[in-house]
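Below: the structure, in structure tokens.
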Amino acid sequence: MLYGDELDPQVSYWPSIADLFMTLFIVALALTGSVLFVFLPNPDDKSVVAHLIAENSKLAKQLDELMGQNTQLSNQNLDLKQQLNDKPPIITVSGANRRHFFGSGSADLSSDFQTDLQHTAFSELAQEIIKRNRNGAMNVDTLEVVGHTDGIPVSKTGNLDLRLTRLLQAGTMTLTGLVPGSNNDLGLLRALAIKLAWEAFVNRHAQKLILSQIKVRTYSAGQTIPATEGNFDAADPQSRRIELRLTKLAN
5 MLYGDELDPQ
15 VSYWPSIADL
25 FMTLFIVALA
35 LTGSVLFVFL
45 PNPDDKSVVA
55 HLIAENSKLA
65 KQLDELMGQN
75 TQLSNQNLDL
85 KQQLNDKPPI
95 ITVSGANRRH
105 FFGSGSADLS
115 SDFQTDLQHT
125 AFSELAQEII
135 KRNRNGAMNV
145 DTLEVVGHTD
155 GIPVSKTGNL
165 DLRLTRLLQA
175 GTMTLTGLVP
185 GSNNDLGLLR
195 ALAIKLAWEA
205 FVNRHAQKLI
215 LSQIKVRTYS
225 AGQTIPATEG
235 NFDAADPQSR
245 RIELRLTKLA
255 N
């Protein structure tokens, strides 16, 4: 049953609906305020946040440092790989194609031999050393000179044990009067002859300051490494040779 006011077309329900929405809006504000009040940081939370920010900044700085160290190590690793693959040449001086020739049982250098050394092997060595001299730091610091012989026995009474020691102590190196008593002695004398010729070459060179930093070491292989494999006994001019090797021995 409808009452009269319910049938009255002038009656409006919008104020009640507006009141309802206003009430809901106020409730929503209250709830939002409560949530904000609960979750907003208190003074203790702010100090924790500040500490975390500082720690994060510290970790970021450490990360930058580690990344820098990693880059440096990567560059060093690349440089070491390049050094491993960048090997100085080994120059063999023999009588195969030129006048690089030791007489049988002799360590004497002929004038032709010395001329060829200066224009070929020594010149190549000097260019290699100068090329590797970077900012005053030598990539190579040692020239190894290895003397070889053929298989012909040395039938002499040697005096290297006695006289060579005296010459070294006196600081005056000359091969005059030195007699090899074996192929090992002969190989050493040949290496010493090349060393003396190299030092004379360096003293006349325009880049003497650079070349003189290279230390020279002399060795003998005797007849142990013939030019032709297994040919230990033959009289072979190609076996009477010198090997010149640039290397780095100092750390």
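Position in the sequence shown counted from 1, then plus 4, gives you this note's numbering. Just so you know, even glycine gets a beta-carbon here, dropped at the ideal spot from N, CA and C.
Candidates the options, of which the one nearest residue i by Cα
{"i": "Leu-182", "options": "Ile-198, Ala-174, Gln-173 and Asp-165", "result": "Asp-165"}
{"i": "Ile-218", "options": "Ala-238, Arg-249 and Ile-229", "result": "Arg-249"}
{"i": "Ser-108", "options": "Ala-239, Leu-253, Ala-254 and Lys-252", "result": "Ala-239"}
{"i": "Ala-130", "options": "Thr-75, Glu-203, Gly-226 and Asp-68", "result": "Glu-203"}
{"i": "Gly-151", "options": "Lys-62, Thr-75 and Asn-188", "result": "Asn-188"}
{"i": "Met-177", "options": "Gly-162, Ser-186, Thr-161 and Ala-195", "result": "Ala-195"}
{"i": "Ser-127", "options": "Leu-215, Thr-251, Lys-252 and Ser-243", "result": "Leu-215"}
{"i": "Thr-251", "options": "Arg-170, Ser-186, Val-206 and Val-149", "result": "Val-149"}
{"i": "Lys-190", "options": "Ser-51, Asn-137, Leu-168 and Ala-174", "result": "Here the sequence assigns Leu to residue 190, which means Lys is not the residue at that position. Answer by Cα proximity: Leu-168."}
Nearest-angstrom Cα separation, counted from residue j out to residue i
{"i": "Thr-3", "j": "Ile-94", "result": "Look at the range of the chain in this structure, 5 to 255, and you will see that residue 3 is not part of it."}
{"i": "Val-144", "j": "Gln-66", "result": "38 Å"}
{"i": "Asn-101", "j": "Pro-241", "result": "Caution applies to Asn-101, whose pLDDT of 49 falls short of 50 and renders its modelled position unreliable; the model cannot decide the point."}
{"i": "Asp-116", "j": "Gln-227", "result": "25 Å"}
{"i": "Thr-119", "j": "Glu-69", "result": "57 Å"}
{"i": "Leu-33", "j": "Met-71", "result": "Note on Leu-33: pLDDT 49, under 50, position unreliable in the model; no value is reported."}
{"i": "Leu-113", "j": "Ala-231", "result": "20 Å"}
{"i": "Phe-236", "j": "Gln-73", "result": "55 Å"}
{"i": "Leu-82", "j": "Thr-75", "result": "11 Å"}
{"i": "Ser-243", "j": "Leu-172", "result": "28 Å"}
{"i": "Ala-254", "j": "Ser-61", "result": "44 Å"}
{"i": "His-209", "j": "Leu-179", "result": "23 Å"}
{"i": "Asn-163", "j": "Asn-207", "result": "30 Å"}
{"i": "Ser-186", "j": "Arg-245", "result": "16 Å"}
{"i": "Ala-111", "j": "Leu-192", "result": "9 Å"}
{"i": "Leu-63", "j": "Arg-136", "result": "42 Å"}
Supposed contact pair residue j and residue i - C-beta distance, whole angstroms, cut 8 Å
{"i": "Glu-233", "j": "Thr-96", "result": "Contact doesn't hold; Cβ gap of about 15 Å is too wide."}
{"i": "Glu-132", "j": "Pro-92", "result": "6 Å"}
{"i": "Gln-211", "j": "Ile-134", "result": "6 Å"}
Counterpart residues of residue i in DSSP-defined beta bridges
{"i": "Gly-226", "result": "His-152"}
{"i": "Arg-3", "result": "This structure does not reach residue 3, given that the chain is present from 5 up to 255, and the question cannot be answered."}
{"i": "Lys-219", "result": "Thr-146"}
Check: residue i C-beta below 7 Å from any heavy atom of the ligand PLP
{"i": "Ile-134", "result": "As presented, the structure is devoid of all ligands, the ligand PLP included, so that no description of it is given."}
Can you find at least 3 beta carbon pairs, one from the region 219-230 and one from the region 114-125, that sit closer than 8 Å? A contact is defined here as three or more CB-CB pairs under 8 Å, and the region 219-230 fails this definition with respect to the region 114-125.
Would you check if the region 155-163 and the region 191-200 touch, i.e. whether three or more CB-CB distances between them fall below 8 Å? No contact exists between the region 191-200 and the region 155-163.
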